[in-house]
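Residue numbers (the working numbering): 148 to 569. Every residue gets a Cβ at the ideal spot worked out from N, C-alpha and C, and that includes glycine.
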DNA sequence: TCTGGGGTCCTAGGACCC
DNA sequence: TCTGGGGTCCTAGGACCC
């Protein structure tokens, strides 16, 4: 049975989260920076109007930030994660058929026979989310997910539609697709856009009408699916149950350059601990640890990047074991004489706790004691803040830690940072 | 001086098998 | 003079997403 897809997208999500708790920011230019205060990852409308692009390195725009009095925030993921949970909770009251696609986006679907009510339903969703959470949203409606994305973009670009646009009810779909540039289509990035332009394809409409064989050859099977979706043939179903994770990554750019093996080992020990914590949170075990380090690729001078993958005999989520292996990994790839900028730990080959095959030749050493230790560790860190208790190998001084000089309070997840009403 | 972090999927090519 | 065809599995790298 055919469905109608809604794509719900929070407007300038991180900026909107900051504005909920500081209304003085409304109508003012605001940006939110990535980790280490590196890139601009969210912009208010006022900033978009200044042609400051998404993902730009913040230091290149210092002059404009000062000139226009742009308010700057470091990322506050505790706050954004919690606000996202609230938005999704409100949306889920309208339908069980929902896919949480990212921190600020969700797809929902309704049977096509409800098409007549689609817009009033969307309006109700929008009003409820905005009233209950304070986060403004836009909604795109269409017969496929890719077209719903397009519809959402139109809803955002043309404010006369009041943040809601229903492409399924349009007679002039061709005209609308003509207005959307090919690189704005979901699944077309910089490289594919270039390939398409070289063949004279500039708009979503031209992409929709491109020949299958050429698309298949140059944009792979993914591109072909996307083109079919533009034609209204649904190829991407709603994924209500998230597929099992394939890997868990923890990595950071350093606040300053790191030269010594000891400091790299500290950093990697911390990342391994964090990854192990995520592992336990999802009740998973890993049997493969991937460690990587790299110098700054943007900078002149000798560049070095390397990685190593270490298989474990038995799957585990025990922090000390993973930290030991990760540090060993650093030992294998570290080279003296370079200025390192980033390192990370990736855990692969994940399995569900309690479902792994014991190894015949080396029975597991894991004891109830270890499990209890990890449980206590997680409990303490959840209650008193992360890293209240941690391994000493992850360093005490830690001069390499990230810069985060403009973070707002964690209003909703820390008692001592609750907003005060005057 | 200063350029994020966490994911997914696909393809090409090599090694290996009979 | 003549040197196949059909598979699988693994990995590295590229492209994309937010």
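When you measure from the CB of residue 387 to every non-hydrogen atom of the ligand NAD, does any distance come out below 7 Å?
The ligand NAD is not part of the structure shown, which contains no ligands of any sort.
May I have the straight-line CA-CA distance separating residue 424 from residue 379, to the nearest angstrom?
Distance between the alpha carbons of residue 424 and residue 379: 43 Å.
According to DSSP, which residues form a beta bridge with residue 487?
Paired residues: 405 and 442.
Can you tell me whether DSSP reads residue 198 as helix, strand or coil?
Three-state DSSP puts residue 198 in coil, outside helix and strand.
Distance check for residue 484 and residue 406, CA to CA, integer angstroms please.
Cα to Cα, residue 406 sits roughly 7 Å from residue 484.
Run through the DSSP bridge pairs and tell me what residue 206 is partnered with.
Residue pairing by DSSP places residue 206 opposite no residue, since no beta bridge is assigned to it.
May I have the straight-line CA-CA distance separating residue 174 from residue 535, to the nearest angstrom?
The straight-line gap from Cα to Cα measures roughly 39 Å.
Bounding residues of the beta strand (DSSP E) (the contiguous stretch that carries residue 187)
Judged by DSSP secondary structure, residue 187 falls within the beta strand (DSSP E) whose first and last residues are 187 to 190.
Spatially closest choice to residue 289 from 566, 255, 185 and 276, by CA coordinates
Comparing Cα-Cα distances from residue 289 to each of 566, 255, 185 and 276, the minimum goes to 255.
So residue 419 and residue 477 are supposed to be a Cβ contact under 8 Å. How far apart are they, rounded?
10 Å between Cβ atoms; not a contact.
Among 377, 293 and 314, which residue has its Cα nearest to the Cα of residue 265?
Considering only alpha carbons, the answer is 314.
Taking residue 528 as part of the alpha helix (DSSP H), name the residues at either end of that continuous run.
Counting along the chain, the alpha helix (DSSP H) containing residue 528 begins and ends at 515 to 531.
What beta strand (DSSP E) runs, 3 residues minimum, are completely inside the stretch 195 to 276?
DSSP runs (the beta strand (DSSP E)) wholly in the stretch 195 to 276: 218 to 221, 245 to 249 and 252 to 258.
Check residue 311 in the structure and name its three-state DSSP category.
Of the three classes helix, strand and coil, the one that applies to residue 311 here is strand, per DSSP.
Nearest residue (CA-CA) to residue 567, options 321, 546, 169 and 195:
Here the closest residue by C-alpha is 169.
What separation, rounded to the nearest whole angstrom, lies between the Cα atoms of residue 401 and residue 548?
C-alpha separation (whole angstroms): 6 Å.
Per DSSP, which residues does residue 287 bridge with? Please list them.
DSSP lists 154 and 312 as the bridge partner or partners of residue 287.
Same chain, Cβ closer than 6 Å to residue 570, five either side skipped, listed in chain order:
Coverage of the chain is limited to positions 148 through 569, which leaves residue 570 absent and any answer about it impossible.
Would you please state the rounded distance, in angstroms, between the beta carbons of residue 161 and residue 194? I believe it to be under 8 Å.
About 12 Å separates the beta carbon of residue 161 from that of residue 194, a gap too long to meet the 8 Å contact definition.
Considering residue 163, what are the terminal residues of the beta strand (DSSP E) in which it resides?
In this chain, residue 163 is not harboured by any beta strand (DSSP E); it is covered by the alpha helix (DSSP H) spanning 160 to 168.
Quick check: the Cα distance between residue 329 and residue 335, rounded to an integer number of angstroms?
C-alpha separation (whole angstroms): 7 Å.
Quick one: what's got a C-beta closer than 8 Å to residue 180's C-beta in the same chain, skipping five residues either side?
Same-chain partners within the cutoff: 186, 187, 188, 205, 219, 220, 221, 222 and 553.
Just how far apart, CA to CA, sit residue 253 and residue 279?
Approximately 17 Å, taken between the alpha carbons.
Cβ neighbours of residue 443 in the same chain (closer than 6 Å, five flanking residues each side left out):
Same-chain partners within the cutoff: 488.
Tell me the residue span of the alpha helix (DSSP H) that contains residue 456.
Looking at the DSSP string, residue 456 is not in any alpha helix (DSSP H); the run it does join, the beta strand (DSSP E), is 452 to 463.
Considering only C-alpha positions, which residue in the set 242, 518, 475 and 182 is nearest to residue 427?
When C-alpha distances from residue 427 are compared across 242, 518, 475 and 182, the shortest belongs to 518.
Among the residues of its own chain, which have a CB less than 8 Å from the CB of residue 411, if the five just before and after it don't count?
If we look at residue 411 and ignore the five residues flanking it on each side, its Cβ neighbours are 405, 440, 477, 481, 487 and 490.
Under 6 Å Cβ to Cβ from residue 247, same chain only, skipping five residues before and after it: list those, please.
Once the five neighbours on either side are set aside, the close Cβ partners of residue 247 are 235 and 253.
Less than 7 Å between C-beta atoms, sequence neighbours within five positions excluded: which residues of the same chain meet that for residue 528?
Contacts found: 534, 535 and 536.
Starting from residue 177 and walking both ways along the beta strand (DSSP E), at which residues does that stretch end?
For residue 177, the enclosing beta strand (DSSP E) stretches over residues 177 to 180.
Contact belief for residue 551 with residue 225 at Cβ below 8 Å, rounded distance in angstroms
In this structure residue 551 is not in contact with residue 225, their Cβ atoms being roughly 12 Å apart against a cut-off of 8 Å.
What residues are listed by DSSP as bridge partners for residue 381?
Under DSSP, residue 381 shares a beta bridge with no residue.
Member of 421, 473 and 295 whose CA lies at the smallest distance from the CA of residue 156:
Out of 421, 473 and 295, 295 has the C-alpha closest to the C-alpha of residue 156.
Assigned secondary structure, residue 552 (DSSP; H/G/I helix, E/B strand, else coil)
Coil.
Three-state class that DSSP yields for residue 544 in the structure shown:
In the structure shown, residue 544 adopts coil according to DSSP, grouped into three states.
Tell me the rounded alpha-carbon separation between residue 324 and residue 464.
Taking the straight line from one Cα to the other gives about 49 Å.
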